[in-house]
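What follows is one structure encoded as structure tokens, with my remarks underneath.
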Amino acid sequence: MMTRIDVFDPPMCCSTGVCGTDVDPQLSRFAADLDWLAQQGVSVRRYNLAQEPQAFMANEQVQAVVNETDGAGLPVIVVNGRMMSQGVYLTREQLVSLVQSAGGAESSTSVMPNAAKQTSGCCGPEGCC
Amino acid sequence: MTWLDHPGRFFFFTGKGGVGKTSLACATAVKLADAGKHVLLVSTDPASNLSQVFGVSIGSSKPRQIPGVPNLCALNIDPEAAAKSYREKIIDPVRESMPGKVVRDMEEQLSGACTTEIAAFDEFTTLLTDDEHTCGYDHIIFDTAPTGHTLRLMKLPAAWSSFIESNESGASCLGPLAGLEKQKERYAEAVRVLADAEQTRLVLVTRPEQAALREADRTRGELESLGVNNQWLVINGMMPESESDDPLAQAMRQRGKDAVDAMPKGLQSQSRDTVDLQGHNLLGVDALRALLDPEQAEQTEAGEAAPPSVDVPSLSALVDEIASQGNGLVMVMGKGGVGKTTIAAAVAVELAARGEPVHLTTTDPAAHVEQLIDEAPENLQVDRIDPEAETQGYSEQVMATKGRDLDEEGRKVLEEDLRSPCTEEVAVFHAFSRVIREASKKFVVVDTAPTGHTLLLLDATGSYHREVMRNVGDKSGKITTPMMRLQDPKQTKMLLVTLPETTPVLEAAQLQDDLRRAGVEPWAWVINASLAAAGPTDPLLVQRAAGEVDQIESVKRDHAERIAIVPWQMDEPVGIDHLRAIARPSERTEASATG
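Line order of the protein sequences matches chains Z and B. Following numbering that gives the first Met the number 0, the numbering of the first sequence begins with 0 at its first residue and continues without gaps. Following numbering that gives the first Met the number 0, the numbering of the second sequence begins with 0 at its first residue and continues without gaps.
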């Protein structure tokens, strides 16, 4: 099964974030890391609260974070349907280790679970979440 | 009026607020309709006054037939309203289920200039490409045009593919169009029509002033590089020859000629027309007909012989109040071309003359501040920042960090985002924030200010900062974010500069509303370049001066807490003495009488 990462971002005017606030090198580093993960065969999806709020409502865990923290708990990172972090853009190493643990023991030796064997977790092959 | 020769199907009029785009667009529409063509006139200007010009209410849903011009229909499209309905479409379904703060953040992110600009483009395209609604018209005339930034975005495949098709990694400034991919082909067609010289003519409208001509040349170059080559230049508001010996009239005529003689090379080769300055705003079909057919014009009524008297304090009176504070930040803001830099310099010079330590920082690209630097007294420090250099530095930093790991297509989108109007504003604001800190010890005067939208976005980071401080247990409550400083009238005074004309006053009022959203209240309005305050005797100028009264009254009554007026200047205000004179016009009159 392909590992899937969903990132729920705070509201942003444009994805590049150049309109408005300081250039946040974290944000660009994170985007590059996600691209890299995608190249390794991980399915990556990002949602911007200012553009797709319904995706946030559709996920109970994410909705709870938004409500409890007044939005400060974003971004929320969800791996294979499980919320793994909030309020922080993880480093590449942290992302890799999340993907590895989601991929199960068999794939932990390879850096990336390209050929995913793991079938547990909420997501079936169709990717229900 | 050569822009009317062999017209194509579409006309776009573009230029800054107050140059007369709407008047020329309306006059063109009436002229073509009188010649038997079926014409649709469309305004997408949020400050549109089509209804006022024609004296009938013109809406956005259905073209309105104009009385007295059988072949002419008009439509008023409000892109702000379109942007609002887009925002609501996204936010309403979740409004009740999200915390109020989160909803407000979302609204702000969707309230930028880009959202409105894209919404306006969306409206253009319907009329450019939808034959069903427009097939009955021989000509469609728009009193605004899309900007180069919008058009470039439309042409970038990645701007579409990265968001609209895969919807995964990025939205860029096209973000507001999420979910509209079916429009993509229509947009491509609209961009094609714009660049088709057979079908489309773009009329650049400008005033005979140096800065306005430079701006027109920038627009020309930008649109030309996008293939929009069928351009016409109309210089509107030339002071006509007259028999009066009013020195104001002579100075105005001379300044117009000088500016036209010295206009940028790129404009010189352009097909060009000039239109005379009118005594009053053009209202009604007859006045519009007369504009392009001067023989029909009624003679200027020799009605009012004397200019109106305006009872508005001088700039110097405002400065007295600012000076009494002892220190603080003075931000002078307004749309391009209203004279922000001159007003900022005059305020700084006045404050310095009262013995206060002052630091003036301007974005003025002209040499006009250089001379000030040479002459400045010891307590007046003058420097400037270069918006282009700041923007470039900022953009390079972004490309080097964010752009580093992007592919070619992704870098193109990022580069285009960096050409958005917000980028310059942010870059310049960062540069200014270095001097703003000094304002607790002396006066700091700057000739620019961020819009409310930018402030709110910047504060989104500021509030995060506050949160952190609270968590580490800082109980002193002494943390000041830049936003809090700008909201406090004791620390910051915002002066909003405008001209005594309809559109500039409307635009200033919009800036004020935008600042208010960010909790910042402009401290005073400055009405610049007033003929009424300059006391003309030439009949045409007297008539124009009389026309200013309504605008001045409206600023006083509807908009401004405090107000000051600066008369129209016969020559460019350069140097300490001249800058002092614009703040104290009565003394200037005496000085020029003796000198």
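Glycine included, C-beta positions come from ideal geometry on N, C-alpha and C.
Taking 8 angstroms as the threshold (beta carbon to beta carbon), is residue i in contact with chain B?
| i | result |
| --- | --- |
| glutamine 60 of chain Z | no |
| leucine 97 of chain Z | no |
| glycine 40 of chain Z | no |
| valine 132 of chain Z | Outside the shown range of chain Z, which is 0 to 128, sits residue 132 of chain Z, and nothing can be said about it. |
| valine 110 of chain Z | Because the pLDDT of valine 110 of chain Z is 35, which lies under 50, any placement of that residue in the model is unreliable, and the question is left without a value. |
| alanine 49 of chain Z | yes |
| arginine 82 of chain Z | For the record, residue 82 of chain Z in the displayed sequence is methionine; it is not arginine. Methionine 82 of chain Z does not count as touching chain B. |
| proline 10 of chain Z | yes |
| methionine 1 of chain Z | no |
| glycine 86 of chain Z | no |
| aspartate 69 of chain Z | yes |
| proline 74 of chain Z | no |
Is residue i buried or exposed, if buried means 16 or more other CB atoms sit within 10 Å of its CB?
| i | result |
| --- | --- |
| cysteine 72 of chain B | buried |
| glutamate 51 of chain Z | buried |
| arginine 200 of chain B | buried |
| serine 42 of chain B | buried |
| proline 92 of chain B | exposed |
| glutamate 424 of chain B | buried |
| threonine 360 of chain B | buried |
| alanine 112 of chain B | buried |
| glutamate 131 of chain B | exposed |
| proline 69 of chain B | exposed |
| glycine 72 of chain Z | buried |
Just checking my contact of residue i with residue j at CB under 8 angstroms: how many whole Å lie between their CB atoms?
| i | j | result |
| --- | --- | --- |
| leucine 371 of chain B | alanine 26 of chain B | About 42 angstroms; that fails the 8 angstroms criterion. |
| glycine 451 of chain B | alanine 517 of chain B | 4 angstroms |
| phenylalanine 428 of chain B | threonine 453 of chain B | 7 angstroms |
| glycine 584 of chain B | proline 306 of chain B | In the sequence under discussion, the amino acid at residue 584 of chain B is proline, which differs from the glycine named in the question. Rounded, the Cβ-Cβ distance is 13 angstroms, inconsistent with contact. |
| valine 318 of chain B | valine 346 of chain B | 6 angstroms |
| glycine 402 of chain B | alanine 215 of chain B | The Cβ separation is near 32 angstroms, so there is no contact. |
| glycine 19 of chain B | glycine 338 of chain B | Actually they do not touch by this definition, with Cβ atoms about 18 angstroms apart. |
| asparagine 326 of chain B | lysine 492 of chain B | Their Cβ separation, rounded to whole angstroms, is 11 angstroms, which puts asparagine 326 of chain B and lysine 492 of chain B out of contact at 8 angstroms. |
Starting from residue i and walking both ways along the beta strand (DSSP E), at which residues does that stretch end?
| i | result |
| --- | --- |
| arginine 45 of chain Z | 42-47 |
| threonine 360 of chain B | 357-361 |
| histidine 138 of chain B | 138-141 |
Give a yes or no on whether the minimum CB-CB distance between residue i and chain Z is below 8 angstroms.
| i | result |
| --- | --- |
| alanine 81 of chain B | no |
| serine 96 of chain B | yes |
| isoleucine 435 of chain B | no |
| lysine 15 of chain B | no |
| valine 101 of chain B | yes |
| aspartate 33 of chain B | no |
| leucine 109 of chain B | yes |
| proline 246 of chain B | no |
| aspartate 104 of chain B | yes |
| isoleucine 679 of chain B | In the structure as shown, chain B begins at 0 and stops at 594. Residue 679 of chain B is therefore absent and cannot be evaluated. |
When DSSP builds the beta bridges, which residues end up paired with residue i?
| i | result |
| --- | --- |
| arginine 523 of chain B | The residue asked about is misnamed: residue 523 of chain B is alanine in this sequence, not arginine. Alanine 523 of chain B is bridged to B:Leu494. |
| threonine 205 of chain B | B:Ile234 |
| isoleucine 321 of chain B | DSSP, once it has assigned bridges, lists no residue as partnering isoleucine 321 of chain B. |
| leucine 266 of chain B | BP columns for leucine 266 of chain B are empty, so no partner. |
| isoleucine 562 of chain B | B:Trp524 |
| serine 529 of chain B | B:Pro566 |
| asparagine 66 of chain Z | Paired residue(s): none; asparagine 66 of chain Z is not in a bridge. |
| histidine 37 of chain B | None; histidine 37 of chain B has no bridge partner. |
| valine 274 of chain B | B:Asn235 |
| asparagine 75 of chain B | B:Ser42 |
| glutamine 380 of chain B | B:His358 |
| leucine 200 of chain B | The sequence given here places arginine at residue 200 of chain B; leucine does not occur at that position. Its beta-bridge partners are B:Phe10. |
| phenylalanine 7 of chain Z | Z:Tyr46, Z:Val75 |
| valine 445 of chain B | B:Met330, B:Thr360 |
| glutamine 64 of chain B | B:Cys72 |
From which residue to which residue does the alpha helix (DSSP H) around residue i run?
| i | result |
| --- | --- |
| methionine 82 of chain Z | No alpha helix (DSSP H) contains methionine 82 of chain Z, which is instead part of the beta strand (DSSP E) from 81-85. |
| threonine 390 of chain B | 386-400 |
| proline 98 of chain B | Here proline 98 of chain B belongs to no alpha helix (DSSP H), and DSSP marks it neither H nor E. |
| alanine 57 of chain Z | Here alanine 57 of chain Z belongs to no alpha helix (DSSP H), and DSSP marks it neither H nor E. |
| isoleucine 551 of chain B | 538-553 |
| glycine 327 of chain B | From DSSP, glycine 327 of chain B is part of no alpha helix (DSSP H) but of the beta strand (DSSP E) over 327-332. |
| aspartate 44 of chain B | From DSSP, aspartate 44 of chain B is part of no alpha helix (DSSP H); its letter is neither H nor E. |
| glutamine 253 of chain B | 246-260 |
| arginine 403 of chain B | Unbroken run through arginine 403 of chain B: none, as it is neither H nor E. |
| glycine 147 of chain B | 147-154 |
| cysteine 421 of chain B | 420-435 |
| arginine 504 of chain B | Per the sequence shown, the amino acid found at residue 504 of chain B is valine instead of arginine. Taken as a continuous stretch (DSSP letters only), the alpha helix (DSSP H) holding valine 504 of chain B covers 501-516. |
| threonine 125 of chain B | 112-128 |
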